[in-house]
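**Student:** The opening residue of the sequence shown carries number 12 in this note's numbering; numbering runs sequentially from there.
Just so it is clear, CB atoms sit at the ideal spot from N, CA and C, and this is done for glycine as well.
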Amino acid sequence: MGRCCWSRKAKQTLMEIDILPTKRRDLFTGLRRPHRGLLLFGPPGNGKTMLAKAVGEAEKLVRTLFMVAISRQPSVIFIDEIDSIMSIRLANENDSSRRLKSEFLVQFDGVTSNPDDLVIVIGATNKPQELDDAVLRRLVKRIYIPLPDESVRRLILKNKLKGQAFSLPGRDLEILIKETEGYSGSDLQALCEEAAMMPIRELGSNILTVNANQVRPLKYGDFKRSMGVIRPSLQKSKWEELEKWNQEFGSN
Numbered sequence: 012m013g014r015c016c017w018s019r020k021a022k023q024t025l026m027e028i029d030i031l032p033t034k035r036r037d038l039f040t041g042l043r044r045p046h047r048g049l050l051l052f053g054p055p056g057n058g059k060t061m062l063a064k065a066v067g068e069a070e071k072l073v074r075t076l077f078m079v080a081i082s083r084q085p086s087v088i089f090i091d092e093i094d095s096i097m098s099i100r101l102a103n104e105n106d107s108s109r110r111l112k113s114e115f116l117v118q119f120d121g122v123t124s125n126p127d128d129l130v131i132v133i134g135a136t137n138k139p140q141e142l143d144d145a146v147l148r149r150l151v152k153r154i155y156i157p158l159p160d161e162s163v164r165r166l167i168l169k170n171k172l173k174g175q176a177f178s179l180p181g182r183d184l185e186i187l188i189k190e191t192e193g194y195s196g197s198d199l200q201a202l203c204e205e206a207a208m209m210p211i212r213e214l215g216s217n218i219l220t221v222n223a224n225q226v227r228p229l230k231y232g233d234f235k236r237s238m239g240v241i242r243p244s245l246q247k248s249k250w251e252e253l254e255k256w257n258q259e260f261g262s263n
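1. Using the C-alpha atoms, what's the distance from Glu204 back to Leu158?
2. One question on the structure: do Leu187 and Phe234 come within less than 7 Å of each other, judged by their Cβ atoms?
3. Alpha carbon to alpha carbon, what distance is there between Ile88 and Val132?
4. Taking Glu161 as the reference, which of Leu147, Leu199, Lys138 has the closest Cα?
5. Decide if the segment 126-141 is in contact with the segment 177-187; the criterion is three or more beta carbon pairs, one per stretch, under 8 Å apart.
6. Suppose the cutoff is 6 Å on Cβ atoms and the five residues either side in sequence are ignored; what does the same chain contact list for Arg165 look like?
7. Identify whether Asn257 lies in helix, strand or coil by the three-state DSSP scheme.
8. Excluding the five sequence neighbours on either side, which residues of its own chain have a C-beta within less than 7 Å of the C-beta of Ala206, listed in chain order?
9. Going by C-alpha to C-alpha distance, which of Gln225, Pro243, Asn222 sits closest to Thr191?
10. Quick check on DSSP: helix, strand or coil for Leu129?
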């Protein structure tokens, strides 16, 4: 978790509801009993899915998922894009979808009713406004994972450039950091990958014979040109919508 460029609030919440209670069960009782539901929401590509990649696709699998989590506790059930299976229930919804949602809620209530169980349910979404109210009531903690600010973009870019040959003076790096406002973590990854290809493309047919140490270092111009190809993946209106939802419903 230390390698994730998450907000301090997100890391602290994960520590309080998952990690610390498993190490000091004697302290996390009564009023300190940890919440069992956590929602990570925010723009795509910012690290919400780093915890796991597992989701039940049917009623039976949901039941099995919770059974395994209980038998292997302490455990975390992580559901990426939780809105895809737990969206607002509609009158014309098909039976299979309705049963899936009902089963999920029943199983969720099951793991939260036993104070001795150490099962945490974490959902991730970039569409929190589409989640069913019954799910939101159970996901008591709702942590916003925003687009990276300047300090986080600086950290991400430095990490991506680590081990790479580059000529990027501090001034150019700071300009690049400012120019990438609105880029998600995955956008910055794609930008660095595109920029890294610029020196390779310049080689032309020489690419088959040139020594690897003769490839020129990356420079600011490579990133500048790459920004014409790799643009922010999230529209400003979507970002503003998430910010507003966080103000109204997030655990600020």
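**Tutor:** Taking the structure as given:
1. 19 Å
2. yes
3. 5 Å
4. Leu199
5. no
6. Ile188
7. helix
8. Leu229, Asp233, Phe234, Ser237
9. Pro243
10. coil
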